[in-house]
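FYI, in full-length UniProt numbering the residues of the sequence shown are 1 to 373.
Glycine residues also receive a C-beta, built at the ideal position from the N, C-alpha and C atoms.
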Amino acid sequence: MNNVAKKNITVEEIKAAHIQAVTSQKFEPVMVHELFGFSTPLKGFEKPIPVPAERHPLSPSVDSNYVFNESLVRRVLLSMATKDSIMLVGEKGTGKSSLINQINGRLNRPSIAINAGPGVDEGYLVGFRTLGKDGVKSVDGVLSYAYRHGLSCTIDEICSLNPGVLLSLNDILQGDEVVTLKHHGIDPELDPRELLGLEGGMNIVRHPSFRLFATDNTGGKSSRDPRYAGTKGQNAAVRSRFTSFKANFMSAEKEMAALHGLNTGVDDLNIQLMVEFAFRFRVAFSQEEAFDNISFRELKRWVTKMALYDDLDESFVDAIYGNLEEADQALARELFDETFDRDLVLPKEYTTSVADQLDALTKAAVSNAAQIA
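Written out as structure tokens, the structure is:
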């Protein structure tokens, strides 16, 4: 139900309609640890939970090879049960968005996502008034639509939003049951009791299935890290309305298991050495010897290209090396040698300089002149 049934509808009636719509679905009882691939029941989830039997078209696709962090999944699920707004904070490529998608996918929760940026404003999130074929009408934004219809909504890279945008959404972030849409306008002659019943109305009631997620590299805090140029510090009052979880790199064993799960045909030894290289680089980054880090996303790309190119060096260059700063490229060559016990073989475009080409041209010109003479 979307808060439109009649003009004088009450909050209680809308809530009852929401509950009826939810409970009318067919559910299957599922053990959480079996759903997420763990061997033993999770604390707090010793009994089965209901999961909708019919697959929703907006539910994220399930990756059967995804490797979960047991403790993190348990805490996120418990926080979802209490309707917390959830933020995942971590380095690039630590799988923040993937974790959210895989949790919602396994729970069969319909989901939508927003890629945040400086151009995303309040109207994009919670709607506005616009011209329709029958005159002026109110339309929802992505967030208010999810709030109204009971979707999971993810705001990716929330740190890139202008701080004032989130500050104006504190009522949604803290889970208020009735939210006032600030840009929809209001007819001064309207009876206040009719506000909830208007199509695209100014006030909406939170659907019990709505959940809000966000991902962030900085935790909403100001960062001088040049890798995250364009990010903005968020108001402390905004941050306090989220339950924040740290997303970290997987253990080496889990990364290898996840890479094996790609079924690329890359042999065990090469996968082991690729992961070892990534961890060597991460150690260097943690000791401030490198400008950037090696993400699991880049590691997956390396393995995939290794299978495609059938060449370890070329796949490494295109998947990882080319994105590094020059100083980090020198470190990468050194760590590649330490890991694979041989020098990295670079393609010609990396080894041939303009000076080399000029020297070749000069020698050719001298040779031609000598032949003419």
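- With DSSP as the reference, please indicate the residues paired to residue 87 in a beta bridge. Within the sequence shown, residue 87 is the residue found at index 87, counting from 1. Partner(s): 214 and 244.
- Bridge partners - residue 113, DSSP secondary structure assignment: The count along the sequence shown starts at 1 and reaches residue 113 at position 113. According to DSSP, residue 113 bridges with 154.
- Message: Is it buried or exposed, residue 23, if we count other Cβ atoms within 10 angstroms and call 16 or more buried?
- Response: The sequence position of residue 23 within the sequence shown is 23, counting from 1. Label assigned to residue 23: exposed.
- In or out: residue 252 buried (at least 16 other Cβ within 10 Å) or exposed? Taking the sequence shown and counting its residues from 1, the one referred to as residue 252 is at position 252. Exposed: under 16 other Cβ atoms inside 10 Å.
- Message: In this structure, how does DSSP classify residue 74 when only helix, strand and coil are distinguished?
- Response: Here residue 74 corresponds to residue number 74 of the sequence shown, with the count starting at 1. Looking at residue 74 - three-state DSSP - the assignment turns out to be helix.
- In chain order, which continuous runs of the alpha helix (DSSP H) of length 4 or greater are located wholly inside the region 254-310? 268-286 and 296-309
- In the structure shown, what three-state DSSP assignment does residue 170 receive? The count along the sequence shown starts at 1 and reaches residue 170 at position 170. Residue state, collapsed to three classes: helix.
- Item | residue 398 versus residue 108 - alpha carbon distance | The structure shown does not extend to residue 398, since the chain is modelled only from 1 to 373, so the question has no answer here.
- Item | Closest Cα partner of residue 29 within the set 20, 52, 21 and 19 | For the purposes of this step, residue 29 is taken as residue 29 along the sequence shown, with counting starting at 1. Per the Cα distances, 52.
- Pick helix, strand or coil for residue 325, following the three-state DSSP scheme. Here residue 325 refers to the residue found at position 325 when the sequence shown is read from its first residue. Residue state, collapsed to three classes: coil.
- Neighbourhood of residue 230 by C-beta, 7 Å cutoff - its chain only, sequence neighbours within 5 removed: In the sequence shown, counting from the first residue as 1, residue 230 sits at position 230. Any reading at residue 230 must be qualified, since the residue scores a pLDDT of 46, below 50, and its modelled position is unreliable; no value is offered.
- Would you identify the three-state DSSP class for residue 137, choosing helix, strand or coil? Position 137 of the sequence shown, counted from the first residue, corresponds to residue 137. DSSP places residue 137 in strand when its eight states are reduced to three.
- Query: Nearest to residue 153 by alpha carbon, out of 177, 134, 215 and 163?
  - Reply: Here residue 153 corresponds to residue number 153 of the sequence shown, with the count starting at 1. Of the candidates 177, 134, 215 and 163, the one whose C-alpha sits nearest the C-alpha of residue 153 is 215.
- Item | Straight-line gap, residue 212 to residue 162 (C-alpha atoms, nearest Å) | Within the sequence shown, numbered from 1, the residue matching residue 212 stands at position 212. Within the sequence shown, numbered from 1, the residue matching residue 162 stands at position 162. Distance between the alpha carbons of residue 212 and residue 162 is about 18 Å.
- Message: Taking the alpha-carbon of residue 274 as reference, which of 284, 248, 301 and 37 has the nearest alpha-carbon?
- Response: By one-based count along the sequence shown, residue 274 stands at place 274. Here the closest residue by C-alpha is 301.
- Item | Candidates 77, 317, 101 and 356: closest to residue 344 by CA position | Along the sequence shown, read from residue 1 onward, the residue named residue 344 stands at position 344. Here the closest residue by C-alpha is 317.
- Work out the CA separation of residue 61 and residue 101 for me, nearest whole Å. In the sequence shown, counting from the first residue as 1, residue 101 sits at position 101. In the sequence shown, counting from the first residue as 1, residue 61 sits at position 61. Rounded to the nearest angstrom, the two C-alpha atoms are 8 Å apart.
- Task: Count the CB pairs spanning the region 34-44 and the region 73-84 that are closer than 8 Å, and state whether there are at least three.
- Result: yes
- Query: Among the residues of its own chain, which have a CB less than 8 Å from the CB of residue 308, if the five just before and after it don't count?
  - Reply: Here residue 308 is taken as the residue at index 308 of the sequence shown, counted from 1. Correct list, in chain order: 315.
- Taking Cβ to Cβ, would you say residue 295 is nearer than 7 Å to residue 93? Mapped onto the sequence shown, residue 295 falls at position 295. Mapped onto the sequence shown, residue 93 falls at position 93. Against a cut-off of 7 Å, the Cβ pair of residue 93 and residue 295 comes out as a contact.
- beta strand (DSSP E) segment containing residue 35, residue limits: In the sequence shown, counting from the first residue as 1, residue 35 sits at position 35. Element bounds for residue 35: not the beta strand (DSSP E) but the alpha helix (DSSP H), 32-35.
- Message: In whole angstroms, give me the CA-to-CA distance for residue 21 and residue 126.
- Response: Locating residue 21 in the sequence shown gives position 21, counting from the first residue. Locating residue 126 in the sequence shown gives position 126, counting from the first residue. Near 23 Å, if we compare the C-alpha coordinates of residue 126 and residue 21.
- Proximity winner among 204, 250, 283 and 249, relative to residue 9 (alpha-carbon distances): In the sequence shown, counting from the first residue as 1, residue 9 sits at position 9. Minimum Cα distance to residue 9 is reached at 204.
- Query: If you compare alpha carbons, which of 291, 313, 336 and 310 is closest to residue 325?
  - Reply: The residue you call residue 325 lines up with position 325 of the sequence shown. Closest by alpha carbon: 291.
- Check each candidate in 99, 365, 145 and 238 and name the one with the smallest Cα separation from residue 167. Position 167 of the sequence shown, counting from 1, holds the residue named residue 167. It is 238.
- Message: If contacts are defined as beta-carbon pairs under 8 Å, then residue 293 and residue 282 qualify, I think. What distance do you get, rounded to the angstrom?
- Response: As a working note, residue 293 is residue 293 in the sequence shown. As a working note, residue 282 is residue 282 in the sequence shown. With 8 Å as the limit, residue 293 and residue 282 qualify as a contact, their Cβ atoms being about 6 Å apart.
- Task: Let me know if residue 365 comes out buried or exposed under the rule of 16 or more other beta-carbons within 10 Å of its beta-carbon.
- Result: The residue given as residue 365 occupies position 365 in the sequence shown. Exposed: under 16 other Cβ atoms inside 10 Å.
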